[in-house]
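Below you'll find the structure, written out as structure tokens, and then a few comments.
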Amino acid sequence: MDTLRISDYRKRLEERALHPLLHTSKGYYLLVGFLLLVIGWGAFAYSNQLRQGLIVTGMRDRISWGLYITMFVFFIGISHAGTLISAILRVTKAGWRTPITRMAEFITVVALMVGGLMPMIDLGRPDRIQNLVLFGRWQSPLLWDVFAITTYLTGSIIYLYLPLIPDFALCRDRIAGKVSPLKRMFYRVLSLGWRDTPAQKKYLAIAMGMMAILIIPVAVSVHTVVSWIFAMTLREPWNNPMFGAYFVAGAIFSGMATLILLMAILRKVYHLHDYIKDQHFLNLGYMLAGFTLIMGYFNASEYITSGYKMAGEAPFHFNQMFNGPLAPMYWFYAIGGLVVPGLIMLIPITRTVTGVLVAAVLVNIAMFLERYFIVVGGLRVPLMAYPPSSYAPSWVEWSVMAGAFAGFSLIITVFVKVFPLLAVWEVAEHYEEERIKVPRKETEPEPALEPVPAARREVSRPRALRPEFGHNPGGDHGGAA
Amino acid sequence: MDERNKVDRGKPRDRDNVRQRDALSRRQFLKVAGAGAVGIAVAGSGLAVVTAAARAADKPGPTGGDHLHPADATTSTRLRRWAMVIDLRSCDGCQSQGTPPQCTTACIQGHFAPEPIEWIQIYEHELPGGGTQFIPTPCQQCQNPPCVNVCPVGATWSTPEGVVLIDADRCIGCRMCMAACPYDRRFFTWTDPPKPPEAAFAQYHPERNFPLRKGVTSKCVFCPDLARAGRLPYCAQGCPNQAIYYGDLEEDLATNGKDVVALSKFLSENQTYRLKEDLGTKPRVFYIPGHGQAVGRDPFKHGRKPTEWPWMKNLEGAKTWTRSG
């Protein structure tokens, strides 16, 4: 295997990470054009809804929330990909995280922006949205969401931005001459005069450490209060004290699946194979498999405790989920979303990058369906003596949904061109650390290690002391989480 | 302002201009229109028009605010606690009349409620031994109202009289209250509601709940303005069997238009119950168990005539929807 001197490694890393910022292919513009087209179509559909009211949707009095609220829950869910995963891995000092944290944080910020928009699109009177500020009642779960999501978005932007500062400085120093003056100014301003001094590094480390710890409870609270929109009502499947924890678990679950997909796409498009290794996919795949068990545990707890008693409308709810109109979605979720991804990671033959990708796609679809049958299923249980209602999204809702997914993709696509995809300095630092403090193997000769002052780490070491990450899956360091 | 008419809200607003039930005075109309015109000229934005018009409409009108209607004046020291008792023994879903339920029809006529809005709706509920009973269901006027608890903007609130009202000028249409209501008693205006010409100049008031607005919720408001003027709610007026009693827990009296009863005694002696009492919502609508036996209904005679919206027939091509989708 090739081991690089640190300076060479760093040079190659910078080149690779900054490449997308400088080179844009025709395909990129085609993609942006296509996404804009889809967003435009969604906007057209929404303008229809603005003119005629929500009558253009499939929602009616009895099932009064539908695809929009499903998307809201789904997007807020995948926002947990980022910050939570990257923060937990940072706090637990899992070194392998460094090449994927930036992408995870992208997802968080973008998903929150798109997800936060969904309840506004769902409003009957979007022209009165200022009432939330003018007359907001803190007793309403909806207002908790407003607070939680804005706090989380602010925190996530800070958390995305902090590790970007040295990378902005890198852009300022390396590619300033090759980009437009506007972009140059953008990098200059946002790098906040970063000069890589020890003092700056110290303060950045403190700030990032604090944010990593602070953002975890915020992230947990966000999805908890999202679930409370439902759990604060008196409806059969929603009136459930477990809902908060269940939603948080589901959020992390779908977030990881989305992260895996984004990693796979960006790795392929921007040739990041040297940094995002197969082991990263496998590690996330193991986490995904772990979460299938947690989700299954939550489901079992819910179904057994309420199915044992069969109180109130529980029989109706079970029937609509297991054999009724929601059954196809439910069984796709249970089998495709929980059992199959777990098996994929369990069986050695399928435990590959392709296998993980298949699992991630399945989990994403399953979690979307799960959000759908939670929202629609909860409203479908009749409250009085009337026949159960039906709901099917209208073309307007489908179009807005397509627009939302296109918007999500577009913002990520633009981010890729403005921000370095990899946290260059963190990846480099991790590489250096790995090469300095290394677990020795019995067979390896004792390396001549001298303590190296931090400021002099740029000096290259004579030879590799440890194989690169990913080529040593059985090793005792940096393995699965 | 009279204490009784004060509403429990963040901002004091004049809400006792309620008896001008169907009329808009010329001066008020000009005022609103004038404010609107000024708003357009100055701000050029729809938002300014809305706020300016709302502000103008909030001001006490020439007949509002400081002086009381005679009907109010006689009871001005009393804080009413409105309640309703529905005697299911006398409700046959208007099967014997051969008409759609008259309570619903009267409510629809009185409030110009468009199709499919039935603020009081008759559910046909199965009895344990087969057969059915009819349960007229208005808004239950909970004293621990889940809908009020979850409203993010205070657009729905409990008055000191115990009535849950909606401010259609403030509601943002999030439908959180519809998810929260365990009685399915909230209705959404999915598009511009049809409006008959005779209601063209009707002035909106939360206690009257008309004219409806697009994109907001609505529901039964218990007609406290009618009660204060000494009249029964439309549903009680419309019931041919006098099954609906309406009264005041404070004064301990209720009437169905024929008999006057001592409310507390009436409630206790007739084994009244409230819908989904175990939820702890504390409704102000009580039911006397029955299946129309007092008016000779056979519980095994199923069905009733479907509700009609008589005034809707005058409007060609008005946009309507269904409740269940």
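Chains A and B are the protein sequences, given in the same order. The C-terminal residue of the first sequence carries number 481 in my numbering, and the numbering is unbroken. The C-terminal residue of the second sequence carries number 806 in my numbering, and the numbering is unbroken. Glycine included, C-beta positions come from ideal geometry on N, C-alpha and C.
(request) Identify each residue in the segment 610-640 of chain B for which the Cβ-Cβ distance to at least one residue of chain A is less than 8 Å, and report them in chain order. (result) Taking 8 Å as the cut-off between beta carbons, the residues of the segment 610-640 of chain B near chain A are I616, T618, P627, N630, V631, C632, P633, V634, G635, A636, in sequence order.
(message) Measuring only the C-alpha atoms, how far is B:V697 from B:I653?
(response) For this step, residue 697 of chain B is matched to residue 216 along the second sequence. For this step, residue 653 of chain B is matched to residue 172 along the second sequence. Going by the C-alpha atoms only, they are around 7 Å apart.
(request) For B:K695, return the contacting residues in chain A, with the cut-off set at a CB-CB distance below 7 Å. (result) As a working note, residue 695 of chain B is residue 214 in the second sequence. Going along chain A in sequence order, the residues near B:K695 (Cβ under 7 Å) are G53.
(message) At the level of alpha carbons, what is the spacing between A:H23 and A:R16?
(response) As a first step, residue 23 of chain A must be located in the first sequence, where it is residue number 23. As a first step, residue 16 of chain A must be located in the first sequence, where it is residue number 16. The alpha-carbon atoms of A:H23 and A:R16 are separated by roughly 11 Å.
(request) For B:W802, decide whether its Cβ has a neighbour in chain A, counting only Cβ atoms nearer than 8 Å. (result) Taking the first residue of the second sequence as 1, we reach residue 802 of chain B at position 321. Closer than 8 Å: yes.
(message) Taking a contact to mean a Cβ-Cβ separation below 8 Å, would you say A:M242 touches B:V631 in this structure?
(response) Counting from 1 along the first sequence, the entry for residue 242 of chain A is found at position 242. Counting from 1 along the second sequence, the entry for residue 631 of chain B is found at position 150. B:V631 is positioned such that its CB atom lies no closer than 8 Å to that of A:M242.
(message) For A:A481, would you say it is in contact with chain B, using Cβ-to-Cβ distances shorter than 8 Å as the test?
(response) Counting from one through the first sequence, the residue named residue 481 of chain A turns up at place 481. Only weak support is given to the placement of A:A481: the predicted model assigns it a pLDDT of 37, under 50, and the question is left unresolved by the model.
(request) Go ahead and pull the three-state DSSP assignment for B:T698. (result) One-based indexing of the second sequence puts residue 698 of chain B at position 217. The three-state reading of DSSP puts B:T698 in strand, counting E and B together.
(message) Any beta carbon from chain B within less than 8 Å of A:Y372's own beta carbon?
(response) As a working mapping, residue 372 of chain A is identified with position 372 in the first sequence. No, A:Y372 does not count as interfacial toward chain B.
(message) Let me make sure I understand the geometry here. Which of A:R172, A:P328, A:M208, A:G250 has the alpha-carbon closest to that of A:I78?
(response) Your numbering for residue 78 of chain A matches position 78 in the first sequence. When only C-alpha atoms are compared, the closest one is A:G250.
(request) Starting from A:F415, follow the alpha helix (DSSP H) in both directions and report where the run begins and ends. (result) For this step, residue 415 of chain A is matched to residue 415 along the first sequence. 395-418 is the span of the alpha helix (DSSP H), which, as asked, contains A:F415.
(request) Please list, in chain order, all residues of the same chain as B:T586 whose beta carbon is under 8 Å from its beta carbon, the five residues on each side excluded. (result) Sequence index remark: in the second sequence, residue 586 of chain B carries index 105 (1-based). Scanning its chain for C-beta atoms nearer than 8 Å, with the 5 sequence neighbours on each side dropped, one finds around B:T586 the residues T580, G719, T788, E789, P791, in chain order.
(request) Give every residue of the same chain whose Cβ lies closer than 6 Å to the Cβ of B:D568, excluding the five residues on either side of it in the sequence, and list them in chain order. (result) Walking along the second sequence from the start, residue 568 of chain B turns up at place 87. For B:D568, where only same-chain residues beyond five positions count, the Cβ hits under 6 Å are A724, I769.
(request) Return the Cβ separation of A:A359 and A:P341 in integer angstroms, given the expectation that the two are a contact with Cβ distance under 8 Å. (result) Numbered from its first residue, the first sequence carries residue 359 of chain A at position 359. Numbered from its first residue, the first sequence carries residue 341 of chain A at position 341. Confirmed, Cβ separation roughly 4 Å.
(message) I'd like the span of the alpha helix (DSSP H) that includes B:H592, first residue to last.
(response) Here residue 592 of chain B corresponds to residue number 111 of the second sequence, with the count starting at 1. Where B:H592 is concerned, the enclosing alpha helix (DSSP H) stretches over 583-592.
(message) At the level of alpha carbons, what is the spacing between B:E797 and B:K676?
(response) Counting from 1 along the second sequence, the entry for residue 797 of chain B is found at position 316. Counting from 1 along the second sequence, the entry for residue 676 of chain B is found at position 195. Going from the Cα of B:E797 to the Cα of B:K676 covers about 11 Å.
(request) Determine the chain B residues that contact A:M384 at a beta-carbon separation under 7 Å, and present them in chain order. (result) Start at 1 with the first residue of the first sequence, and residue 384 of chain A comes out as number 384. By Cβ distance, chain B contributes Y604, T618, Y664, D665.
(request) For the segment 116-132 of chain A, enumerate the residues whose C-beta is nearer than 9 Å to any C-beta of chain B, in chain order. (result) Within the segment 116-132 of chain A, the residues whose Cβ lies closer than 9 Å to some Cβ of chain B are P119, D122, L123, G124, R125, P126, D127, R128, I129, Q130, N131, L132, listed in chain order.
(message) Suppose you measure from the CA of A:A480 to the CA of A:G285; what does that come to, to the nearest Å?
(response) If you number the first sequence from 1, residue 480 of chain A lands on position 480. If you number the first sequence from 1, residue 285 of chain A lands on position 285. Note on A:A480: pLDDT 41, under 50, position unreliable in the model; the coordinate value appears next. Cα-Cα distance, rounded: 10 Å.
(request) Consider the Cβ of A:P141: report whether some Cβ of chain B lies at a distance smaller than 8 Å. (result) For the purposes of this step, residue 141 of chain A is identified with residue 141 of the first sequence, where counting begins at 1. Chain B, which has a Cβ nearer than 8 Å to the Cβ of A:P141, makes this yes.
(message) Which residues does DSSP list as the beta-bridge partners of A:L192?
(response) Sequence index remark: in the first sequence, residue 192 of chain A carries index 192 (1-based). Per DSSP, none; premise fails for A:L192.
(request) Can you tell me which of the three DSSP states A:T352 falls into? (result) In the first sequence, residue 352 of chain A corresponds to position 352, counting from 1. DSSP places A:T352 outside both helix and strand once states are collapsed to three, so it counts as coil.
(request) Please determine if the segment 153-173 of chain A and the segment 697-716 of chain B are in contact, where contact requires at least 3 C-beta pairs separated by less than 8 Å. (result) No: fewer than three Cβ pairs fall under 8 Å.
(message) According to DSSP, is A:I276 part of a helix, a strand, or is it coil?
(response) For the purposes of this step, residue 276 of chain A is identified with residue 276 of the first sequence, where counting begins at 1. Of the three classes helix, strand and coil, the one that applies to A:I276 here is coil, per DSSP.
(message) When you compare the CB positions of A:L142 and B:C716, do they come within less than 8 Å of one another, or not?
(response) Residue numbering aside, residue 142 of chain A sits at position 142 when the first sequence is read from its first letter. Residue numbering aside, residue 716 of chain B sits at position 235 when the second sequence is read from its first letter. In this structure, B:C716 does not lie closer than 8 Å to A:L142 by Cβ.
(message) Please report the straight-line C-alpha distance between A:T98 and B:C620, rounded to a whole angstrom.
(response) If you number the first sequence from 1, residue 98 of chain A lands on position 98. If you number the second sequence from 1, residue 620 of chain B lands on position 139. Put simply, the backbone Cα of A:T98 is about 57 Å away from that of B:C620.
(message) I'd like to know whether the C-beta atoms of B:F809 and B:P687 end up nearer to each other than 8 Å.
(response) Absent from the structure is residue 809 of chain B, since the part of chain B shown begins at 482 and ends at 806.
(request) Alpha carbon to alpha carbon, how far is B:D573 from B:G738? Give it in angstroms, no decimals. (result) Stepping through the second sequence from its first residue, residue 738 of chain B is reached at position 257. Stepping through the second sequence from its first residue, residue 573 of chain B is reached at position 92. Cα to Cα, B:G738 sits roughly 18 Å from B:D573.
(message) Extract the residue ranges of the beta strand (DSSP E) inside the segment 134-190 of chain A, only unbroken runs of 3 or more that lie entirely within it.
(response) Entirely contained in the segment 134-190 of chain A, not one beta strand (DSSP E) run reaches 3 residues.
(message) Taking 7 Å as the limit between beta carbons, can you name the residues of its chain near A:Y330, skipping five residues before and five after?
(response) Taking the first sequence and counting its residues from 1, the one referred to as residue 330 of chain A is at position 330. Answer for A:Y330: M321, F322, F373, listed in chain order.
(request) Tell me, please, whether the CB atom of B:G711 is closer than 8 Å to any CB atom in chain A? (result) Taking the second sequence and counting its residues from 1, the one referred to as residue 711 of chain B is at position 230. Judged by the 8 Å Cβ criterion, B:G711 is not in contact with chain A.
(request) Can you grab the Cα-Cα spacing for the pair A:T522 / A:L343, in whole Å? (result) The first residue shown for chain A is 1 and the last is 481, placing residue 522 of chain A beyond what the model contains.
(request) Could you check what DSSP says for B:T618 in three-state terms: helix, strand or coil? (result) Here residue 618 of chain B corresponds to residue number 137 of the second sequence, with the count starting at 1. B:T618: strand per DSSP, three-state reduction.
(message) DSSP three-state label for A:T59, please.
(response) Taking the first residue of the first sequence as 1, we reach residue 59 of chain A at position 59. The amino acid at residue 59 of chain A is misidentified as Thr; the sequence shows Met. A:M59: coil per DSSP, three-state reduction.
(request) Using a cut-off of 7 Å between C-beta atoms, extract the partners of B:L760 located in chain A. (result) Here residue 760 of chain B refers to the residue found at position 279 of the second sequence. Within chain A, L234 have C-beta atoms less than 7 Å from the C-beta of B:L760, given in sequence order.
(message) Using beta carbons (cut-off 8 Å, strictly below), is A:S7 in contact with chain B?
(response) Residue mapping note: residue 7 of chain A aligns to position 7 of the first sequence, counting from 1. Under the Cβ criterion of 8 Å, A:S7 is not counted among the residues facing chain B.
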